[in-house]
Amino acid sequence: MTAVISATPPLWMTPDVTKWLGPRRYFYQPNCDHPVHSVAIVSSRLARPLYEQTDWFAKIRQVLECCQKNNDVILTAKKTTTYKFLHAYAEKYRLRLATTSICSTPKQWQARITNRNFLQPLECWISPPAEIQTEGNHLLERLPLRDRLLFGGAHEVQVIDCRDNSKTQQLLNLRKHEIHFCELPASLNTKSPSDNVSSHTNKSSIPWWVGQAGTLAHWTRAIDGPWPQQSETSWYNQLIQGQREADHSAWATLNNIVTQQKILASHRTIRGSYKVVCLTAVALDQWKSLNIYRPHLRRWDFCPYGVLLSPSAVARLQVKKVHYGDEQLWNSLTSSARPFFQAIDCKIDWRAEKEYRLIGDLSLSTFNRNDLVVFTQTGAEATALQTHCSWPVQTFEYLAKLARIQT
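Here the sequence shown is numbered in numbering that gives the first Met the number 0, starting from 0 and rising by one per residue.
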């Protein structure tokens, strides 16, 4: 059906939306299968890391399943808290998703309405204000347009989370009707082995080379995002479905490595986007002083989870020492040497990491029990991991102590 430009919003929005946005024009395809009851799924800003917000994702799953059952239209807009999760879910499951965009300038609006062939069903573009705004609700005008659209445009609002004195709370106070707060039957309580600390030392499983020169280690850190080589859509759906694989804590990352017997290469923070596995020659007993948080990268360095490779295992790998330098060094490197470049930051001296790199994934399947040791932060984690790990597992503290003795 031909798209229309109208001063009246589409059927899946309430006429009251004009009170929330002011007089505007709407660009959309008017056809919409019944029922046309729309739901906005809203929330205050989601806490991080995402893999710890199990209750939040359980609530959104509950609402989505109900919307699917009722064949509701879900009204959403870019940059709202739930937007990216709704789109990820819609890529995998049947969902009537009404994506709405508000143009900020006449030029943007004009460009959009002249390109009618790409307008999708249930998609709507909204113009800038159609006329000069008169005195209105000053509180409402201070709140984001995209949020005002959801609260004022949907027939029903489902609230996943609302913090006191938040923008979400202010908008709820202004709407006052057809609001439902999602509640779980019972609070989820997922505990990992790290919640219990116990001792774990099996001296017979410690290879003789621990603490010797020539070893390299790979630490695993929490990843508040998809695994290397995993799409965001895949991870978001794991989070929504409450799957165990959605846990990307440092412990879960190490568990994933042991299960797959592989350390996946990543291009994150690597200039040139080369996919590499990073290793360090820093002895374990020196890691505590380097275990610091990098706010700009949202990550911890030198975490007490990982894999320690023996000198003989290292010798069988195509690892190379990292070249630390400036732009001049980068320009002088050949294409084959550039994956091993690390810029010297004026604020951070990365040379302290004594980094080595390997291009591509690091398969552990060819290594025997004497080639590597896996380490965890707690004894409970080591015990749990040892049940399905082909190599010895020890606590980081024990191996670090052993490294001090050896040196």
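Even glycine gets a Cβ: it sits at the ideal position worked out from N, Cα and C.
query: Identified DSSP bridge partners for Ala97; result: Leu74
query: Terminal residues of the alpha helix (DSSP H) in which Tyr27 lies; result: Unbroken run through Tyr27 is the beta strand (DSSP E), 25-27; no alpha helix (DSSP H).
query: Boundaries of the beta strand (DSSP E) in which Ile256 is found, first to last residue; result: No beta strand (DSSP E) holds Ile256; the alpha helix (DSSP H) holding it covers 249-259.
query: Residue environment, Asp32, which counts as buried when at least 16 other CB atoms sit within 10 Å; result: exposed
query: Contacts around Ala110, its chain only, beta-carbon distance under 6 Å, and the 5 residues preceding and following it disregarded; result: none
query: Within the region 335-360, ranges of the beta strand (DSSP E) (whole runs, at least 3 residues); result: 340-342, 354-358
query: CA nearest to the CA of Tyr397, picked from Val373, Ser389, Trp390; result: Val373
query: Per-residue burial, Ile404 [other beta carbons within 10 Å of its own, 16 or more giving buried]; result: exposed
query: Near the ligand SAH: Lys400 beta-carbon under 7 Å from a heavy atom; result: As far as ligands go, the structure on display features none, and thus does not contain the ligand SAH.
query: Distance CB(Arg145)-CB(Thr79) smaller than 8 Å; result: yes
query: Length of the line joining the Cα atoms of Glu155 and Val38; result: 5 Å
query: Assigned exposure category for Gln242 - 16 Cβ within 10 Å defines buried; result: exposed
query: Per DSSP, the bridge partner or partners of Trp124; result: Phe26, Ser100
query: Whole-Å CB distance - Leu371 paired with Val276, under 8 Å assumed; result: That belief does not hold up - the Cβ atoms of Leu371 and Val276 are roughly 13 Å apart, past 8 Å.
query: Per DSSP, the bridge partner or partners of Leu307; result: Ala216, Val372
query: Three or more C-beta pairs below 8 Å linking the region 253-266 and the region 381-391; result: yes
query: Under the three-state DSSP convention, the category His179 falls into; result: strand
query: Which residues DSSP lists as bridging Trp299, in chain order; result: Tyr292
query: Cutoff 7 Å; reference Ser126; Cβ partners in own chain excluding five residues on either side; result: Arg23, Arg24, Cys102, Trp108
query: Cβ-based neighbour list, Ser364, same chain, cut-off 6 Å, excluding 5 preceding and 5 following; result: Gln260
query: Check whether Tyr323 and Trp250 have beta carbons under 8 Å apart; result: no
query: Beta bridge counterpart(s) of Gln157 as assigned by DSSP; result: Ile40, His179
query: Buried or exposed (CB count within 10 angstroms, at least 16 for buried), Leu20; result: buried
query: Cβ-based neighbour list, Ala399, same chain, cut-off 6 Å, excluding 5 preceding and 5 following; result: Leu283, Asp284
query: Residue environment, Pro105, which counts as buried when at least 16 other CB atoms sit within 10 Å; result: exposed
query: Between the CA atoms of Tyr355 and Asn367 - distance to the nearest angstrom; result: 22 Å
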